[in-house]
Amino acid sequence: MKIGIIGSGTVGQVLGTALLKEGHEVMLGTRDLSKPEVIAWRVNNPTGSVGYFTEASAFGEVIILAVKGLKAIEALEQSDMNQLAGKILIDTTNPIDASAPVNGVLPYFTNYNESLMERIQGRIPNAKVVKAFNSVGSMYMYKPKFPGGTPTMFICGDDAGAKATVTSILTSFGWETEDMGMSTSARAIEPLCILWCLPGFLNNQWGHAFKLLKA
């Protein structure tokens, strides 16, 4: 598949490199083509390409939104939202506020009766938004290995076909996938980031992921 990534930070770079390894065509979208880390990514990934957000959103059959939650809507606006109509958009974001954690608990700018994913879907109603990759650190997004077995990625979205495509990507990345339903389920999935980060902030323990155990 041709995949455009909106965001050239750590998450965007990690996912872009992983997708190239899996045989996809990738364009890493950035606001600034002169950023040293963007240039370095292009050098280290010669089969990939880089471009502005608008170019990445036009390039991809599937789009990945990989920016800070506070910048998510702005990044979409800079990507020409008309180009996203009909496309799958994988939303990796979390609504993390700019203020510091309180006793290790990240502050969110949403409440439990809404989610950032729902705001994103509302701004691009003709896109097929799927929440994924938001509940684990970037170092474990591709081919995670844990003594306890294969970890679980929780996803949600309103389009079954889009979720099937994202599940296929996750399977190739070494994940089990659990479909948690419609986009409203992001109200439960997004706070998993808070829980995932707690051991890190409290004990500098970042080596973990979630796994759903079934009876």
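FYI, the numbering for the sequence shown is 445 to 659, going by the numbering used here. For glycine and all other residues, C-beta sits at the position ideal for the given N, C-alpha and C.
Coil, strand or helix - residue i by DSSP
i, result
"residue 620", "strand"
"residue 607", "helix"
"residue 465", "helix"
"residue 651", "coil"
"residue 448", "strand"
"residue 657", "coil"
"residue 472", "strand"
"residue 477", "coil"
"residue 456", "helix"
"residue 490", "coil"
"residue 625", "coil"
"residue 635", "coil"
Between the CA atoms of residue j and residue i - distance to the nearest angstrom
i, j, result
"residue 628", "residue 601", "8 Å"
"residue 487", "residue 498", "22 Å"
"residue 642", "residue 652", "11 Å"
"residue 485", "residue 608", "29 Å"
"residue 531", "residue 594", "29 Å"
"residue 445", "residue 455", "19 Å"
"residue 588", "residue 612", "16 Å"
"residue 631", "residue 575", "11 Å"
"residue 549", "residue 529", "36 Å"
"residue 468", "residue 481", "21 Å"
"residue 541", "residue 474", "22 Å"
Buried or exposed by the 16-neighbour rule on C-beta atoms within 10 Å, applied to residue i
i, result
"residue 452", "buried"
"residue 617", "buried"
"residue 566", "exposed"
"residue 527", "buried"
"residue 518", "exposed"
"residue 693", "Lying before the first or after the last residue shown, residue 693 is absent from the chain, which here runs from 445 to 659."
"residue 649", "exposed"
"residue 605", "exposed"
Whether residue i touches residue j by CB criterion (8 Å)
i, j, result
"residue 516", "residue 537", "yes"
"residue 577", "residue 585", "yes"
"residue 621", "residue 599", "yes"
"residue 511", "residue 564", "no"
"residue 579", "residue 654", "yes"
"residue 634", "residue 561", "yes"
"residue 568", "residue 520", "yes"
Interface flag, residue i vs chain B, CB-CB below 8 Å
i, result
"residue 568", "In the structure shown, chain B cannot be found, because there is only a single protein chain."
- Task: Entirely within the segment 492-526 and at least 3 residues each: give me those beta strand (DSSP E) ranges in chain order.
- Result: 493-496 and 506-509
- Task: Let me know the beta strand (DSSP E) ranges lying completely inside the segment 530-603, each 3 residues or longer, listed in chain order.
- Result: 532-535, 572-575 and 596-601
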